[in-house]
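Chemist: I'd like to ask some things about the structure below.
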Amino acid sequence: MRRAISTASRRLSTMLDKTQRMNSLLDWYESLLTANQKAIADMHFREDFSLSEIAEQTGSSRSAVYDTIQRVQKIMEDTEAKLHCVAKYEARTRLYQTLRDLKIDAVDEILDQLIENE
1299 MRRAISTASR RLSTMLDKTQ RMNSLLDWYE SLLTANQKAI ADMHFREDFS
1349 LSEIAEQTGS SRSAVYDTIQ RVQKIMEDTE AKLHCVAKYE ARTRLYQTLR
1399 DLKIDAVDEI LDQLIENE
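Take 1299 as the starting number for the sequence shown in this note's numbering and just add one per residue.
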């Protein structure tokens, strides 16, 4: 019983990580998508619609929605592999937090300016 709960918990964590990653990628790269791809990605990743719900909303088949989501994921991952915008942003954010943890007023002021200009 515990093993089944542990496996389900890991699976849920993996799904949440994947959704969070796609949301980050969409924040950076959604302008590369068509209007239809944006709408489907938004419903699936941001609003947590099922494939069937999206198909009903868009008047498409469930398999067409699935194919679109797969295409969107590939576009997002391929673009990130080339540009690394999300990875660099996340690295900067970690560095900013490390500096903020020093609790030095002058550093905090500079960090505020840097973050404002992100």
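Think of the CB as a built atom: it goes at the ideal place given N, C-alpha and C, for glycine as much as any other residue.
Where does L1331 sit, in a helix, a strand or coil, going by DSSP?
Modeler: Taking the sequence shown and counting its residues from 1, the one referred to as residue 1331 is at position 33. Coil at L1331, not helix or strand.
Chemist: Could you compute how far the alpha carbon of N1415 sits from the alpha carbon of T1391?
Modeler: Numbered from its first residue, the sequence shown carries residue 1415 at position 117. Numbered from its first residue, the sequence shown carries residue 1391 at position 93. Each residue's Cα considered, the two are about 13 Å apart.
Chemist: If you compare alpha carbons, which of E1345, D1315 and L1323 is closest to V1370?
Modeler: Indexing the sequence shown from 1 puts residue 1370 at position 72. If we check each option's Cα against that of V1370, L1323 comes out closest.
Chemist: Thinking I1413 and Y1394 are a contact (beta carbons under 8 Å), I'd like their distance in whole angstroms, please.
Modeler: To locate residue 1413, count along the sequence shown from 1; it is residue 115. To locate residue 1394, count along the sequence shown from 1; it is residue 96. Going by Cβ atoms, the distance from I1413 to Y1394 rounds to 6 Å, so yes, they are a contact pair.
Chemist: Which residues in the same chain have their Cβ closer than 6 Å to the Cβ of D1376, if we skip the five residues on either side of it in sequence?
Modeler: Taking the sequence shown and counting its residues from 1, the one referred to as residue 1376 is at position 78. Within the same chain, D1376 has no close Cβ partners at all.
Chemist: Pick from A1379, Q1368, S1329 and D1403: whose alpha carbon is nearest that of T1317?
Modeler: For the purposes of this step, residue 1317 is taken as residue 19 along the sequence shown, with counting starting at 1. Taking only the C-alpha atoms, the option nearest T1317 is Q1368.
Chemist: Rounded to whole angstroms, what's the CA-CA distance from N1334 to A1353? Just pull it up for me.
Modeler: Your numbering for residue 1334 matches position 36 in the sequence shown. Your numbering for residue 1353 matches position 55 in the sequence shown. Spanning the two alpha carbons is a distance of roughly 12 Å.
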